[in-house]
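For reference, the structure discussed in these notes is given below.
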Amino acid sequence: MSPSLKNTFIGLLLLSVLFLVIERVLGRARGPLIRRGWWTDVSYFFFTPFVTKVLSKLGILLPAALLVWCGVASVEDFRQQSYSGFGPVSRLPLWVQGLMIYPLADLLAYWSHRLFHRGRWWPFHAVHHSSEDLDWLSSVRVHPVNDLVNKFIQVTPLLLLGFNPWVTLSTAPFFTLYAIFLHARVDWGFGPLRYVIATPLFHRWHHSRQREAWDKNFAGLFPFWDWLFGTLYLPHGKVPEDFGITEPFPNHLPGQLWEPVRRLMQPQGREESSEAGVSPHSELAKR
Numbered sequence: 001m002s003p004s005l006k007n008t009f010i011g012l013l014l015l016s017v018l019f020l021v022i023e024r025v026l027g028r029a030r031g032p033l034i035r036r037g038w039w040t041d042v043s044y045f046f047f048t049p050f051v052t053k054v055l056s057k058l059g060i061l062l063p064a065a066l067l068v069w070c071g072v073a074s075v076e077d078f079r080q081q082s083y084s085g086f087g088p089v090s091r092l093p094l095w096v097q098g099l100m101i102y103p104l105a106d107l108l109a110y111w112s113h114r115l116f117h118r119g120r121w122w123p124f125h126a127v128h129h130s131s132e133d134l135d136w137l138s139s140v141r142v143h144p145v146n147d148l149v150n151k152f153i154q155v156t157p158l159l160l161l162g163f164n165p166w167v168t169l170s171t172a173p174f175f176t177l178y179a180i181f182l183h184a185r186v187d188w189g190f191g192p193l194r195y196v197i198a199t200p201l202f203h204r205w206h207h208s209r210q211r212e213a214w215d216k217n218f219a220g221l222f223p224f225w226d227w228l229f230g231t232l233y234l235p236h237g238k239v240p241e242d243f244g245i246t247e248p249f250p251n252h253l254p255g256q257l258w259e260p261v262r263r264l265m266q267p268q269g270r271e272e273s274s275e276a277g278v279s280p281h282s283e284l285a286k287r
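If you read the sequence shown in full-length UniProt numbering, its first letter stands for residue 1, the second for the next number, and so on.
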């Protein structure tokens, strides 16, 4: 279904009410409702469905084109939504495919996320980390290039493995809504489940400028991946503070869209990456 201004506004209103209860009532968060960066994030809320998501469809069309080129599907299959995958995986029950897709998609997202914390990819992801007052709305602050590459990295291997594309794409709404929840302004850790499923506390550490938390907690759903690859950080008795990045960065949507492109066009030797503080992630970005 194509987005509309009316539906987008209704979505913003409903989510605002829901997270007002989650953050302010249940989470007892304090501070102004219109916090720093609020207008920027509202701009992204409307920009994303009409621009970013349209561009990100390329991340789905490219692997679909590969399947057509390899001869396992046809353009007509996709038009009629009759393509159901190929090989042994496609013969599994849809619910089994669904159970397999979530951990696999999260693993792919983990490495995609780590990619964007390095080198010239970092400025595109710095857009997301530039939020200094982290709450549910800041989850939508994502550069189109970041979103496009993420979609391509997550979707391509799953389709090439033979998974049903409609089952694969059906996971997107869940991952989107859960990402919004992870950014909520609450320090919920879910007790012993903190090591089983990603929590707001887990993800808020990822956004923290505290040095011990730099480049930790990349997973979007299963902290197991961070434990396995040595990037898990969940200290007991502490909560993250001081969010954002330390490098100079525009605080409005047009500037944030252009800044990563501007840096990308600079010669490598003259890149203004980390001369004076830069970001909590700049040490890895220089590698």
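Heads up, the beta-carbon is just placed ideally off N, CA and C, and yes, glycines get one too. Remember, predicted model here, so these are calculated numbers, not experimental data.
Among the options, which one has its Cα closest to the Cα of residue i?
i	options	result
Pro157	Phe202, Leu107 and Asp187	Leu107
Trp39	Leu137, Trp227 and Gly162	Leu137
Pro32	Asp133, Leu66, Asn150 and Phe152	Asp133
Leu253	Trp121, Trp69 and Gly37	Gly37
Val196	Leu66, Gly98 and Phe222	Phe222
Trp188	Val96, His203 and Thr176	His203
Phe224	His236, Gln256, Pro103 and Arg120	Pro103
Trp121	Leu148, Trp95 and Asp41	Leu148
Phe78	Asn7, Leu94, Glu247 and Leu61	Leu61
Leu234	Phe152, Gln266, Phe190 and Arg262	Phe190
Gln12	Arg35, Ala29 and Val42	Reading the sequence as shown, one finds Leu at residue 12 and not Gln. It is Val42.
Leu15	Thr52, His183, Gln97 and Asn150	His183
Lys53	Asn150, Arg35 and Gln266	Asn150
Leu66	Ile34, Val142, Glu247 and Phe152	Phe152
Phe174	Leu99, Gly119 and Leu232	Leu99
Thr176	Val142, His207 and Val89	Val142
Thr246	Arg262, Pro192, His207 and Asn7	His207
Verify whether the separation of the beta carbon atoms of residue i and residue j is less than 8 Å.
i	j	result
Gly220	Ala179	yes
Phe45	Val140	yes
Leu55	Pro144	yes
Gly85	Phe163	yes
Pro250	Pro123	no
His128	His117	no
Gln80	Ser112	no
Glu209	Gly237	Per the sequence shown, residue 209 should be read as Arg rather than Glu. No, they are not a contact pair.
Phe50	Pro3	yes
Pro165	Tyr83	yes
Give the secondary structure of residue i by DSSP, where H, G and I count as helix, E and B as strand, and everything else as coil.
i	result
Ser208	strand
Arg270	Caution is warranted here: a pLDDT of 44 is assigned to Arg270, below 50, making its placement in the model unreliable, and no coordinate value can be reported.
Met265	coil
residue 304	Residue 304 lies beyond the residue range present for the chain, which begins at 1 and ends at 287; the question has no answer from this structure.
Phe163	coil
His129	helix
Ser74	coil
Gly85	coil
Phe124	helix
Val116	It should be noted that the sequence gives Phe, not Val, for residue 116. The answer is coil: DSSP assigns Phe116 none of H, G, I, E or B.
Pro173	helix
Val186	coil
Ser90	helix
Gln97	helix
Leu66	helix
Leu12	helix
Leu134	coil
Arg141	coil
Pro103	helix
Pro260	helix
Glu283	The pLDDT assigned to Glu283 is 45, lower than 50, so where the model puts this residue is not dependable; a value taken from the coordinates is nonetheless given after this. Helix, per DSSP.
Less than 8 Å between the CB atoms is what I'm expecting for residue i and residue j, so what's the real figure, rounded?
i	j	result
Ala213	Pro240	6 Å
Arg185	Asp135	4 Å
Trp205	Asn217	5 Å
Leu160	Pro63	7 Å
Ser130	Gln256	7 Å
Leu201	Arg194	7 Å
Leu94	Val167	6 Å
Using a Cβ-Cβ cut-off of 8 Å, state whether residue i counts as contacting chain D.
i	result
Leu12	Checking the listed chains, one finds no chain D in this structure; it contains a single protein chain.
Whole alpha helix (DSSP H) elements within the segment 23–59, 4-residue minimum: 38–47 and 53–56
Contiguous alpha helix (DSSP H) assignments of at least 4 residues, all confined to the segment 189–258: 200–207 and 224–228
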